[in-house]
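Participant: Have a look at this one before I ask anything.
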Amino acid sequence: MDLVLYGAPLSPFVRKADVVLREKGIDFEIENVPMPIPDWFREINPAGRMPALRDRDVSAEGPQGVIPDSSAICAFAERAVPEPALYPKDAFSYGRALWYEEFADTDFAGTMGMGLFRPIAFPMFMKQEPDLDTARKTLKETLPRFLDYFEVELGSNDYLVDNTFSIADIAVANQLINCELVAGRKSFLAWPGLNGLVDRVSERPSYRPNLTICKKVIKEPADLA
Ligand SMILES: N[C@@H](CCC(=O)N[C@@H](CS)C(=O)NCC(=O)O)C(=O)O
């Protein structure tokens, strides 16, 4: 395999693929994808969303040799290098892990991304004022139902499925990490289980390269008080 991961580090989906590849000990290069999504990226990924992974041994150009979508990339990595396993072996637990991943990547990510991350981070990149009203409204009105759900699911465990680190924890924590980057840890301090989950997950060596870059790009969270 001669792999290149296309994407930008602040994307929770790019982080998901990045972390899973590192957990597996798979070597890869990173090629940055700017926003707005450029034409060259749309040509290799018709969904037009990062990340995508190319295996140059399959094809060095064009859409052949490319796996778009973080979930597809992570499933590929699990099949390519089964250990350490990031998906439960038990069938029901496997289904639960996929559900958490899916829910985190769709509904939770939509609320977090559109309602909190983008209103703060995107204006910041353009040296404009962040949309703090939208961010505050999200924190108060739309985000808590997701945080409540994952907090209850986690209970007193360290990890979401079978109390074992899995793709579910990566997907959920990655959304919370973006929340922390733009709004600070105090934005979800009222959910102690999720705080612990983010601590445990983000302390893993596989997270270090991505988080180091993210913290350089977003030096401090917005003051939403
Ligand atoms: N289901 C996709 C979602 C990927 C996604 O939404 N990526 C965002 C960045 S966080 C993106 O590329 N958006 C492009 C755009 O908004 O134009 C995955 O898991 O890879």
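All residue numbers for the sequence shown refer to numbering that gives the first Met the number 0, where the first residue is 0 and numbers rise by one.
For glycine and all other residues, C-beta sits at the position ideal for the given N, C-alpha and C.
#1: For Asn37 and Ile72, which I take to be in contact (beta-carbon distance under 8 Å), what is that distance rounded to the nearest angstrom?
#2: Mind checking whether Cys213 and Arg14 have CB atoms under 9 Å apart?
#3: Among Ile169, Leu2, Ala59 and Val80, which one has its Cα closest to the Cα of Ala108?
#4: So, do the region 44 to 61 and the region 117 to 126 have three or more beta carbon pairs nearer to each other than 8 Å?
#5: DSSP has Glu28 in a bridge; who is on the other side?
#6: Distance, Cα to Cα, Phe224 vs Ile176?
#7: Would you say the beta carbon of Asp17 is closer than 8 Å to some non-hydrogen atom of ligand 1?
#8: With a Cβ-Cβ cutoff of 9 Å, do Ala74 and Tyr86 count as a contact?
#9: From which residue to which residue does the alpha helix (DSSP H) around Val19 run?
#10: Compute the Euclidean distance between the alpha carbons of Pro204 and Leu138, then round it to the nearest angstrom.
#11: Can you tell me whether Leu223 is helix, strand or coil according to DSSP?
#12: Pro191 to Asp157, Cα distance in whole Å?
#13: Taking 8 Å as the cut-off, is the C-beta of Phe102 nearer than that to any heavy atom in ligand 1?
Facilitator: Based on what the coordinates show:
#1: The sequence shown places Pro at residue 37, rather than the Asn named in the question. Their Cβ separation, rounded to whole angstroms, is 20 Å, which puts Pro37 and Ile72 out of contact at 8 Å.
#2: yes
#3: Ile169
#4: no
#5: Val3
#6: The amino acid occupying residue 224 in the given sequence is Ala; Phe does not appear at that position. Going by the C-alpha atoms only, they are around 19 Å apart.
#7: No - ligand 1 has no heavy atom lying nearer than 8 Å to the Cβ of Asp17.
#8: yes
#9: Pro11 to Glu22
#10: Cα to Cα, the separation comes out at about 29 Å.
#11: coil
#12: 11 Å
#13: no
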